[in-house]
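Asker: Below is the structure I would like to discuss, written out as structure tokens.
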Amino acid sequence: MTKKEQQCGKLSDAKSEAIPAEKRISIYKCQLEMTIARTAYLDGSE
Numbered sequence: 080m081t082k083k084e085q086q087c088g089k090l091s092d093a094k095s096e097a098i099p100a101e102k103r104i105s106i107y108k109c110q111l112e113m114t115i116a117r118t119a120y121l122d123g124s125e
């Protein structure tokens, strides 16, 4: 399990209709924020 999965939840859960929409949205938002932060770090702009 990756750090993003531990902190945000799994993308497979975000795709599941069994998970409430609000929770799925929060998973996507968290994953996106972490991806943007990691990209900035790797780019050297952080």
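Everything in the sequence shown is counted per this note's numbering, starting at 80 for the first residue and increasing by one. Backbone N, C-alpha and C define an ideal beta-carbon position, used for all residues, glycine too. As the structure is a computational prediction, the values presented were derived from the model and not from experiment.
At what residues does the alpha helix (DSSP H) containing I115 begin and finish?
Answerer: 100-122
Asker: Kindly indicate the opening and closing residues of the alpha helix (DSSP H) around E96.
Answerer: In the DSSP assignment, E96 falls outside any alpha helix (DSSP H), carrying neither H nor E.
Asker: Check each candidate in R117, E125, C109 and name the one with the smallest Cα separation from C87.
Answerer: C109
Asker: Could you pull out every residue in the same chain whose Cβ sits closer than 6 Å to the Cβ of A119, ignoring the five residues on either side in sequence?
Answerer: Close CB contacts of A119 within its chain, under the 6 Å cut and outside five residues either way in sequence, are with E125 (chain order).
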